[in-house]
Amino acid sequence: MMITNINQLDFSKKYTYADYMTWRFKERVELIKGRIFRMSPAPNLNHQRISGEIYLELGSFLRGKSCQVFHAPFDVRLPIPS
Numbered sequence: 000m001m002i003t004n005i006n007q008l009d010f011s012k013k014y015t016y017a018d019y020m021t022w023r024f025k026e027r028v029e030l031i032k033g034r035i036f037r038m039s040p041a042p043n044l045n046h047q048r049i050s051g052e053i054y055l056e057l058g059s060f061l062r063g064k065s066c067q068v069f070h071a072p073f074d075v076r077l078p079i080p081s
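Under numbering that gives the first Met the number 0, the residue at position 48 of the sequence shown is numbered 47, and the numbers go up by one with no gaps.
Rendered as structure tokens:
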């Protein structure tokens, strides 16, 4: 079922990444160990300027190396340790 409003979610329930991929609402949330956490609203202009400068510096430093830098927002899925 597609979720279009954050109020449709039960914050006491555990969700999967597959569940997360069906959510279509504007609020920003993180899914950590199956739990939903609200995120801060979009950053302000000054934050974006500083973040952009850091991104550019890191990108220049890492150019030609095996690492990459990504600018937020970017979904990161970490494997569950075995």
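The beta carbon of each residue, even a glycine, is placed where N, CA and C say it ideally should be.
Values in this document were obtained by computation on a predicted structure and should not be read as measured data.
### Query
Going by DSSP, which residues form a beta bridge with Ile2?
Working through the sequence shown from its first residue, we reach residue 2 at position 3. For Ile2, which the question treats as bridged, DSSP gives the partners Trp22.
### Query
Around the C-beta of Ile35, are 16 or more other C-beta atoms found within 10 angstroms, so that it is buried, or is it exposed?
Position 36 of the sequence shown holds residue 35. It is buried - the Cβ of Ile35 has at least 16 other Cβ atoms within 10 Å.
### Message
Using the three-state DSSP reduction, which class does Leu8 fall into: helix, strand or coil?
### Response
In the sequence shown, counting from the first residue as 1, residue 8 sits at position 9. In this structure, Leu8 counts as coil in the three-state DSSP scheme.
### Beta-carbon separation (whole angstroms), Thr21 vs Gly33, contact threshold 8 Å
Taking the first residue of the sequence shown as 1, we reach residue 21 at position 22. Taking the first residue of the sequence shown as 1, we reach residue 33 at position 34. Their Cβ separation, rounded to whole angstroms, is 15 Å, which puts Thr21 and Gly33 out of contact at 8 Å.
### Query
Assuming Ile53 contacts Arg23 under a Cβ cut-off of 8 Å, what Cβ separation, rounded to an integer in Å, is found between them?
Reading the sequence shown from its first residue, position 54 is the one you call residue 53. Reading the sequence shown from its first residue, position 24 is the one you call residue 23. In fact, because the Cβ distance is near 31 Å, the residues do not count as touching under 8 Å.
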